[in-house]
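**Q**
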Amino acid sequence: MEEKKLAIIATKGSLDWAYPPFILASTASALGYETQIFFTFYGLQLLKKKLALEVTPLGNPGMPMPMGMDKWFPVLGLTLPGMQGMMTSMMKKKMKDKGVASVEELRDLCQEAEVKLIACQMTVDLFDMNQAEFIDGVEYAGAAAFFEFAGQSDICLYI
Amino acid sequence: MADFDQELDASGLNCPLPILRAKKTLNAMGSGQVLHVVATDPGSVKDFDAFAKQTGNELMESKEDGGKFHFLIKKG
Chain A
1 MEEKKLAIIA TKGSLDWAYP PFILASTASA LGYETQIFFT FYGLQLLKKK LALEVTPLGN
61 PGMPMPMGMD KWFPVLGLTL PGMQGMMTSM MKKKMKDKGV ASVEELRDLC QEAEVKLIAC
121 QMTVDLFDMN QAEFIDGVEY AGAAAFFEFA GQSDICLYI
Chain C
160 MADFDQELDA SGLNCPLPIL RAKKTLNAMG SGQVLHVVAT DPGSVKDFDA FAKQTGNELM
220 ESKEDGGKFH FLIKKG
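If you read the sequences in order, they're chains A and C.
By the count of my numbering, the first sequence reaches residue 159 at its end, each step adding exactly one.
By the count of my numbering, the second sequence reaches residue 235 at its end, each step adding exactly one.
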């Protein structure tokens with residue numbers, strides 16, 4: 001069986017959106033896919049050594065709110081200081097209770113399975129980020145390098 | 160349930176951890192050996208079926224018993 005290839009572009013830097021790229025990449029590896037994730041713009045937050053990812057209910061009417069909070073806190077209430085931190089801790093607790101892996105754990109599993117993690121060099125420069133902030137094993141490249149792999153991939157996802 | 164060589168308890172774990180743990184355990188096993196996986200994630204029923212089909216391992220048995228899901232996977 002020839003090895004299949006999966007190419008993912010990860011563009012989002014929130015706790016909830018950190019999951020799809022790492023879940024799909026780790027699972028694809030377990031199924032025998034050669035996998036690369038190209039992290040660009042806010043997706044670069046997912047490569048930081050110390051993750052500080054949060055969720056926000058703002059501008060996200062699809063987010064289920066615990067204890068009918070959406071009834072008691074109309075949209076303006078969600079802008080209150082501390083609300084984002086509170087939603088983030090509630091989400092993390094819920095994930096733990098339901099046996100959902102942490103982002104760090106899934107990221108480790110990806111690295112263990114030799115998923116190639118590539119940071120967009122342009123965005124690193126744009127946001128004055130420092131390579132020392134990122135985990136070891138990350139490669140730095142640009143759009144052309146992504147296409148070299150994505151062009152031969154069987155599945156290509158933009159997340 | 161038939162004989163098995165190794166057992167993996169993935170109870171309480173959610174997608175994709177049961178599959179990832181199973182894959183890791185299978186990596187350390189020999190061809191023809193059988194792994195017994197116990198899981199509580201209802202999604203794992205379809206997932207282990209798909210895992211077996213895509214990896215060339217054989218899903219010998221898949222059943223529910225007392226709220227838990229049991230899988231026997233023979234390494235290909």
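A virtual CB, placed ideally from N, CA and C, is assigned to each residue, including glycine.
Please read these numbers as outputs of a predicted model, since none were measured by experiment.
Name the one or two DSSP bridge partners that Y158 of chain A has.
**A** A:I9
**Q** Given M219 of chain C, which residues of its chain have a CB within under 8 Å of its CB, disregarding the five upstream and five downstream residues?
**A** Contacts found: A161, V193, L231, I232, K233.
**Q** Throw me the rounded Cβ distance for the L117 of chain A and I37 of chain A pair, which I believe falls under 8 Å.
**A** 6 Å
**Q** Do you know offhand how far D200 of chain C's Cα is from F163 of chain C's?
**A** 21 Å
**Q** At a cut of 8 Å, does the stretch 58 to 68 of chain A reach the stretch 131 to 146 of chain A through at least three beta carbon pairs?
**A** no
**Q** With 7 Å as the C-beta to C-beta threshold (strictly closer), list the residues of the stretch 15 to 38 of chain A near chain C in chain order.
**A** I23, S26, T27, A30, L31, G32
**Q** Can you list, in chain order, the residues of its chain whose CB lies under 7 Å from that of E166 of chain C, leaving out five sequence neighbours each side?
**A** H195
**Q** Please name the residue in A:L6, A:Y42, A:F41 whose C-alpha comes closest to that of S26 of chain A.
**A** Ranked by Cα distance from S26 of chain A, the first of A:L6, A:Y42, A:F41 is A:L6.
**Q** Name the two residues that bound the continuous alpha helix (DSSP H) containing I37 of chain A.
**A** Note, I37 of chain A: premise wrong, no alpha helix (DSSP H); beta strand (DSSP E) at 34 to 39.
**Q** Locate the beta strand (DSSP E) running through I232 of chain C, then write down its first and last residues.
**A** 227 to 233
**Q** At the 9 Å Cβ level, is P175 of chain C part of the contact set with chain A, yes or no?
**A** By this cut-off, P175 of chain C is an interface position.
**Q** Measure the alpha-carbon distance for T35 of chain A versus E114 of chain A and round it to whole angstroms.
**A** 8 Å
**Q** Within 10 angstroms of its Cβ, does Q45 of chain A collect 16 or more other Cβ (buried), or is it exposed?
**A** buried
**Q** Could one say the Cβ of K182 of chain C lies closer than 9 Å to chain A's Cβ atoms, at least one of them?
**A** Taking 9 Å as the CB threshold, K182 of chain C lines the interface with chain A.
**Q** Near F149 of chain A, what residues of its chain come up, given a Cβ to Cβ distance below 6 Å and the 5 sequence neighbours on each side ignored?
**A** Short of 6 Å from the beta carbon of F149 of chain A, and not among the five residues preceding or following it, lie these beta carbons of its own chain, in chain order: A7, Q36.
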